[in-house]
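A short worksheet on the structure shown next.
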Amino acid sequence: GVFGSIVDKASFRDQNVYYKPKFNVVSIFIYNLLWWLVLISISVALINMLPVGIFDGGRFFYLTILGITKSKKVAERAFVISTYFFLMILIALMLFWVKSFFG
């Protein structure tokens, strides 16, 4: 089609020709290692910001609700509800995973 002809004309490589990689194996390993570290760091940061009591996001959520409502009782209640809500979601995901794995 039209897109294929544009790609063929824009390609700088000949077909059926082996090109040696520009980088050696060590640089590719370092590149992949750095990407792995980035993914791990982002994943840990996202999990840490969940509004669950054992993570920093739980404390942040509690202090935000406390600052908005100025009521410790309301903030504690919202904190407990959000913690149980996210734990129920986590348990549901685990049950779906176990069902798909064994079922």
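In my numbering, the protein residues as written are -4 to 98. Beta carbons: idealized from backbone N, C-alpha and C, even for Gly.
As assigned by DSSP and simplified to three states, the class of residue i
{"i": "residue 19", "result": "coil"}
{"i": "residue 12", "result": "coil"}
{"i": "residue 44", "result": "coil"}
{"i": "residue 67", "result": "helix"}
{"i": "residue 80", "result": "helix"}
{"i": "residue 25", "result": "helix"}
Distance between residue j and residue i (C-alpha atoms, nearest Å)
{"i": "residue 19", "j": "residue 13", "result": "16 Å"}
{"i": "residue 95", "j": "residue 88", "result": "11 Å"}
{"i": "residue 29", "j": "residue 23", "result": "10 Å"}
{"i": "residue 72", "j": "residue 62", "result": "14 Å"}
(request) May I ask you to verify whether the stretch 55 to 63 touches the stretch 81 to 94, counting CB pairs closer than 8 Å and requiring at least 3? (result) no
(message) For the stretch 63 to 80 against the stretch 42 to 52, do three or more pairs of beta-carbon atoms, one drawn from each stretch, fall closer than 8 Å, so that the two count as touching?
(response) yes
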